[in-house]
Amino acid sequence: MSDPDLGGYARSVNKSNRLLMAYRVLAYVTGVGLILLCASCIAWYGFGVAEVSVAIVGTIHGWAFMAYAVVAFTLGNKMGWPMWRMAFVILAGTIPTCSFIAERKVMEDIRAQSADDGAESLVKV
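So the sequence shown is numbered by the numbering used here: it starts at 375 and just counts up by one.
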């Protein structure tokens with residue numbers, strides 16, 4: 375059912391894997407940062423307050439998104455994802471709350487792929 379050349383990384387992934395943990399953390403940091411940035415922009419453009427928070431939260435979100443994009447691309451390459459899937463996972467960090475959904479979908483896929491491979495030491499988070 376699974377191609378041995380694609381997704382070989384999933385067979386070696388466990389819940390202490392640094393790349394997977396970095397992806398999960400950055401997905402949440404990016405998502406929360408984008409929500410805070412949207413709220414700050416609404417406060418600034420709509421009510422004329424929170425100009426400083428837009429600059430601070432925008433900078434933090436920008437750096438977090440760049441790290442998220444690199445980690446998601448690296449994870450996608452190791453998992454053997456097609457380019458369109460990597461693009462969708464990376465673009466999920468640009469739409470509020472979508473990085474949370476993408477993170478859950480990625481984890482479900484890794485769990486399903488590891489269950490198909492029959493490995494016991496895989497992700498069971």
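For each residue, glycine too, the CB sits at the ideal point set by N, CA and C.
From a predicted model like this one, the values you see are computed outputs, not experimental measurements.
Sequence-distant residues of the same chain with beta carbon closer than 8 Å to residue i, five excluded per side
i: A443; result: I464 and G467
i: C415; result: V428
Backbone secondary structure at residue i - three-state DSSP
i: A424; result: coil
i: V480; result: helix
i: G407; result: helix
i: W455; result: coil
i: T471; result: coil
i: L394; result: helix
Neighbourhood of residue i by C-beta distance below 6 Å, restricted to the same chain and skipping five residues each side
i: E494; result: With a pLDDT of only 46 at E494, under 50, the local geometry of the prediction cannot be trusted, and the value read off the model is given with reservation. There are no such residues.
Exposure label - residue i; buried when at least 16 CB within 10 Å
i: A476; result: buried
i: M502; result: Residue coverage of the chain in this structure runs from 375 to 499, which leaves residue 502 outside it and unanswerable.
i: A489; result: exposed
i: M440; result: exposed
i: M457; result: exposed
For residue i, the nearest candidate out of the options (CA to CA)
i: L425; options: I469, D483, L411 and A489; result: Per the sequence shown, the amino acid found at residue 425 is Glu instead of Leu. Out of I469, D483, L411 and A489, L411 has the C-alpha closest to the C-alpha of E425.
Same chain, Cβ closer than 7 Å to residue i, five either side skipped, listed in chain order
i: A438; result: L400, V403, T404 and G407
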